[in-house]
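Student: Note that the protein sequences, when read in sequence, are chains C and L.
By the count of numbering that gives the first Met the number 0, the first sequence reaches residue 228 at its end, each step adding exactly one.
By the count of numbering that gives the first Met the number 0, the second sequence reaches residue 358 at its end, each step adding exactly one.
After the structure tokens below, expect a handful of questions from me.
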Amino acid sequence: MSESLSRIAKEGLWSNNIVFSQSIALCPLLAVTGTTTNGLGMGLATTAVLMVCNLLISYGRLLIPSEIRIPVFVALIAMVVTLVDMLMNAWLHELHKVLGLFIPLIVTNCAILGRAEAYASRKPPVYALFDGLMMGLGFTLALVVLGAAREVSGSGTLFANASLLLGQGFAWLETTLIPEYRGFLLMALPPGGFLMLGFILAGKRLLDKRLARRPLRNAAIEQPLAENV
Amino acid sequence: MSKVYLPVAPLTGADHPVQAIMAQVVLALVPATAFGLFLFGWPALYLFLTTVLSAVLFEAVCLKLAGKPASLFLLDGSALLTGWLLALSLPPWAPWWIGVTGAGLAIIVGKQIYGGIGQNLFNPAMLARVALLVSFPLEMTTWAQPAPLFSGQAPGLLQALGITFGGAGIDGFASATVIGHAKTELSQGKTLVEAFANGQFGLAGAWLGWIPGSLGETSALLVAVGGVWLLRKRIITWHIPVSLLATVAALATVFHLIDGDRYLGPLWHLGAGGVMLAAFFIATDYVTSPGSPKGQLIFGAGCGLLIFVIRTWGGFPEGVGFAVLLMNALTPVIDYYVRPRIYGRDYKGKPLKLPEGKE
Numbered sequence: 000m001s002e003s004l005s006r007i008a009k010e011g012l013w014s015n016n017i018v019f020s021q022s023i024a025l026c027p028l029l030a031v032t033g034t035t036t037n038g039l040g041m042g043l044a045t046t047a048v049l050m051v052c053n054l055l056i057s058y059g060r061l062l063i064p065s066e067i068r069i070p071v072f073v074a075l076i077a078m079v080v081t082l083v084d085m086l087m088n089a090w091l092h093e094l095h096k097v098l099g100l101f102i103p104l105i106v107t108n109c110a111i112l113g114r115a116e117a118y119a120s121r122k123p124p125v126y127a128l129f130d131g132l133m134m135g136l137g138f139t140l141a142l143v144v145l146g147a148a149r150e151v152s153g154s155g156t157l158f159a160n161a162s163l164l165l166g167q168g169f170a171w172l173e174t175t176l177i178p179e180y181r182g183f184l185l186m187a188l189p190p191g192g193f194l195m196l197g198f199i200l201a202g203k204r205l206l207d208k209r210l211a212r213r214p215l216r217n218a219a220i221e222q223p224l225a226e227n228v
Numbered sequence: 000m001s002k003v004y005l006p007v008a009p010l011t012g013a014d015h016p017v018q019a020i021m022a023q024v025v026l027a028l029v030p031a032t033a034f035g036l037f038l039f040g041w042p043a044l045y046l047f048l049t050t051v052l053s054a055v056l057f058e059a060v061c062l063k064l065a066g067k068p069a070s071l072f073l074l075d076g077s078a079l080l081t082g083w084l085l086a087l088s089l090p091p092w093a094p095w096w097i098g099v100t101g102a103g104l105a106i107i108v109g110k111q112i113y114g115g116i117g118q119n120l121f122n123p124a125m126l127a128r129v130a131l132l133v134s135f136p137l138e139m140t141t142w143a144q145p146a147p148l149f150s151g152q153a154p155g156l157l158q159a160l161g162i163t164f165g166g167a168g169i170d171g172f173a174s175a176t177v178i179g180h181a182k183t184e185l186s187q188g189k190t191l192v193e194a195f196a197n198g199q200f201g202l203a204g205a206w207l208g209w210i211p212g213s214l215g216e217t218s219a220l221l222v223a224v225g226g227v228w229l230l231r232k233r234i235i236t237w238h239i240p241v242s243l244l245a246t247v248a249a250l251a252t253v254f255h256l257i258d259g260d261r262y263l264g265p266l267w268h269l270g271a272g273g274v275m276l277a278a279f280f281i282a283t284d285y286v287t288s289p290g291s292p293k294g295q296l297i298f299g300a301g302c303g304l305l306i307f308v309i310r311t312w313g314g315f316p317e318g319v320g321f322a323v324l325l326m327n328a329l330t331p332v333i334d335y336y337v338r339p340r341i342y343g344r345d346y347k348g349k350p351l352k353l354p355e356g357k358e
């Protein structure tokens, strides 16, 4: 069981990452990653939705007729997103003011429907919940990395307005990495999102290639030895 | 470099390998460049060298990363030409990092990401110029007054180092280009006659080049001379330059006749700004323009129309870069609809009827 959980974690965070590997959910990704803070907030909200949806759908997987499963999933997701939206508005009002526009858009995030269809509707609740958490964290990772890359290159700061999102305790996160930076405006604008995402995807592939090559090289060294024996 | 032999029959070897074409284009740019460098002195030279060298350097790095033979592709001179064209479109006294960033954008984002030479959708130099203009509007619109080398107002070697590399402000020298000036004055409710009343800008100056502007847009005449030479050498065909210039001239004439107080005349439109450079050197880029002559005519006319529209009614004073990029985006569409006739067939692809008695 633990082995399977670690595989879920690895898939969600890296090898089957929603953004870096599946290349879905790009719409919210590109829309909110102008700054790191927005990316983090959006990622956490999406993670919450993913977990609850996965859990609900996993519990109901035997009740939902497979012919109409997609409408049922969509209705469930819409309900959860609406709940999150209202709950955040009630208890995290400041945060909701910053991210308010994007929270309802989580409904349209195809990653959530994708996980419901591909995973939660086939697996027991514990796994589904964990998959939701890991996929969500992987998505958050992507949002934060892209947001940080765009924010640093676009305006030279990192985690600007983090205290608005996380409370005054996190004001120390707000740093100016490059003082007196002129600001590379293009990176903060939509084209910068596409450009930076492309570079990050290319970087991830390069890294994967390097990682995949390493065990091969060891194998190549071991082989002649085996022959000698 | 080994010569490539084509194995299939109907292909024929051309006299113009890439290297030779690039060399001749660069040669055609030399007069205008030399004049621009003379006009704006050492800072312009430093910026020019920085831009060209970093373009070649970025190209080398990209080729290395992609695992391509670096020396083969570097020696074709395309990166040199891209850097050169970009340098010609920058304000001559811009700081060094403008040149480096621009070269990076042109080579990495504009060219190598698509797969290198011959694969790019957009003209790399113009892509970089527009990206810089959007990102750094202040630096990209601060123009220096002409201060020719060895004249009194020209900055010395060391002072020039400060301008290009040290971030020494050039506020004292800031000026406007002709069309920028016209646009500002018009937006303040003045007529063109009033705008040019002080004699700061003369028509002759715009054509000869004694005006503020980027290296490549100062002397329209010298750029045109280089372009005509390229035409004579058959490096480029007449279709794009003629249709582009004719469209700009025709539109400018019509509107100038309608209301001379609001619309610049055709001679101004052709002589000022980057129209000449775009017509002969930028829009004619083989990779990003249509292949058929008819398509090239449409492409050139489209560029001319967009240049005039953006200059006259747009938010930016100069629209050459945007116009070329927009038409670059349309090039695949033009190529799709305007196809050359296949030999022996009509335009719809049906075989032509044989003449009587020649079955």
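For every residue, glycine included, the Cβ atom is placed at its ideal position computed from N, Cα and C.
With 16 as the cutoff for other CB atoms within 10 Å, does residue 92 of chain L come out buried or exposed?
Tutor: By the neighbour-count rule (16 or more Cβ atoms within 10 Å), residue 92 of chain L is buried.
Student: Which residue's Cα is closest to the Cα of residue 282 of chain L: L:338, L:236 and L:355?
Tutor: Minimum Cα distance to residue 282 of chain L is reached at L:236.
Student: Can you check which of these residues, C:54, C:81 and C:207, is closest to residue 128 of chain C by C-alpha distance?
Tutor: The shortest C-alpha separation from residue 128 of chain C is found at C:54.
Student: Got a sec: which bits of the stretch 127-147 of chain L sit with their beta carbon under 7 angstroms from any beta carbon on chain C, in order along the chain?
Tutor: Flagged, chain order: 130, 133, 134 and 135.
Student: Specify, as a first and last residue, the run of the alpha helix (DSSP H) that residue 19 of chain C falls within.
Tutor: Run containing residue 19 of chain C: none; DSSP gives neither H nor E here.
Student: Can you name the residues of chain C whose CB is closer than 7 angstroms to the CB of residue 60 of chain L?
Tutor: Result: empty, since nearest Cβ-Cβ is about 14 angstroms, beyond 7 angstroms.
Student: Quick check on DSSP: helix, strand or coil for residue 231 of chain L?
Tutor: In the structure shown, residue 231 of chain L sits in a helix (DSSP, three-state: H, G or I).
Student: Which term fits residue 342 of chain L, buried or exposed, when burial requires 16 or more other beta carbons within 10 angstroms of its beta carbon?
Tutor: It counts as exposed.
Student: Residues in its own chain within less than 7 angstroms of residue 170 of chain L by CB, not counting five upstream and five downstream?
Tutor: For residue 170 of chain L, the predicted model reports a pLDDT of 48, less than 50, meaning its position is unreliable and no value from the coordinates is stated.
Student: Any C-beta of chain L sitting closer than 8 angstroms to the C-beta of residue 208 of chain C?
Tutor: No - not a single Cβ of chain L is within 8 angstroms of the one on residue 208 of chain C.
Student: Are the beta-carbon atoms belonging to residue 215 of chain L and residue 82 of chain L less than 8 angstroms from one another?
Tutor: In this structure, residue 82 of chain L does not lie closer than 8 angstroms to residue 215 of chain L by Cβ.
Student: If you count every other CB in all the chains shown that lies within 10 Å of the CB of residue 149 of chain L, and 16 or more means buried, which is it?
Tutor: Classification of residue 149 of chain L: exposed, given that the 10 Å Cβ count is below 16.
Student: List the residues of chain L whose Cβ lies closer than 7 angstroms to the Cβ of residue 183 of chain C, in chain order.
Tutor: What residue 183 of chain C touches in chain L: 134.
Student: Could you give the distance in angstroms between the alpha-carbon of residue 56 of chain L and the alpha-carbon of residue 139 of chain C?
Tutor: Computed Cα separation, rounded: 36 angstroms.
Student: What residue range is occupied by the uninterrupted alpha helix (DSSP H) comprising residue 292 of chain L?
Tutor: That run of the alpha helix (DSSP H) goes 292-312.
Student: Is the shortest distance between the beta-carbon of residue 194 of chain C and the beta-carbons of chain L less than 8 angstroms?
Tutor: Answer yes: the Cβ-Cβ gap between residue 194 of chain C and chain L drops below 8 angstroms somewhere.
Student: Going along the stretch 98-118 of chain L in order, which residues come within less than 8 angstroms of chain C, judged by CB to CB distance?
Tutor: Result list: 100, 108 and 112.
Student: Where does the unbroken alpha helix (DSSP H) through residue 44 of chain L begin, and where does it stop?
Tutor: Run containing residue 44 of chain L: 17-65, per the alpha helix (DSSP H) assignment.
Student: Can you say whether residue 295 of chain L is buried or exposed, counting buried as having 16 or more other CB atoms within 10 angstroms of its CB?
Tutor: Buried: at least 16 other Cβ atoms inside 10 Å.
Student: Does the stretch 243-258 of chain L touch the stretch 303-310 of chain L, meaning 3 or more C-beta pairs lie closer than 8 angstroms?
Tutor: Contact between the stretch 303-310 of chain L and the stretch 243-258 of chain L is present, because at least three Cβ pairs lie under 8 angstroms.
Student: So, helix, strand or coil for residue 102 of chain L, using DSSP?
Tutor: Helix at residue 102 of chain L.
Student: Rounding to the nearest angstrom, what Cα-Cα distance links residue 119 of chain L and residue 109 of chain L in this structure?
Tutor: Roughly 7 angstroms between the two C-alpha positions.
Student: If you check the beta carbons only, do residue 104 of chain C and residue 50 of chain C fall under 8 angstroms apart?
Tutor: Not a contact, by the Cβ cut-off of 8 angstroms.
Student: By Cβ distance, which residues of its chain are closer than 6 angstroms to residue 126 of chain L, with the 5 residues on each side in sequence left out?
Tutor: Cβ neighbours of residue 126 of chain L beyond the five flanking positions: 109.
Student: What separation, rounded to the nearest whole angstrom, lies between the Cα atoms of residue 388 of chain L and residue 79 of chain L?
Tutor: Absent from the structure is residue 388 of chain L, since the part of chain L shown begins at 0 and ends at 358.
Student: Once you ignore the five residues that flank residue 24 of chain L on each side, which residues in its own chain have a CB closer than 8 angstroms to its CB?
Tutor: Around residue 24 of chain L: 80, 229, 234 and 280.
Student: Return the chain-ordered list of same chain residues with a C-beta closer than 6 angstroms to the C-beta of residue 275 of chain L, the five sequence neighbours on each side being excluded.
Tutor: These residues qualify, in order along the chain: 219, 222 and 223.
Student: For the candidate residues L:257, L:145 and L:269, whose alpha-carbon lies nearest to that of residue 210 of chain L?
Tutor: That would be L:145, whose Cα lies nearest to the Cα of residue 210 of chain L.
Student: On the DSSP letters alone, give me the boundaries of the alpha helix (DSSP H) that residue 160 of chain L sits inside.
Tutor: Counting along the chain, the alpha helix (DSSP H) containing residue 160 of chain L begins and ends at 156-164.
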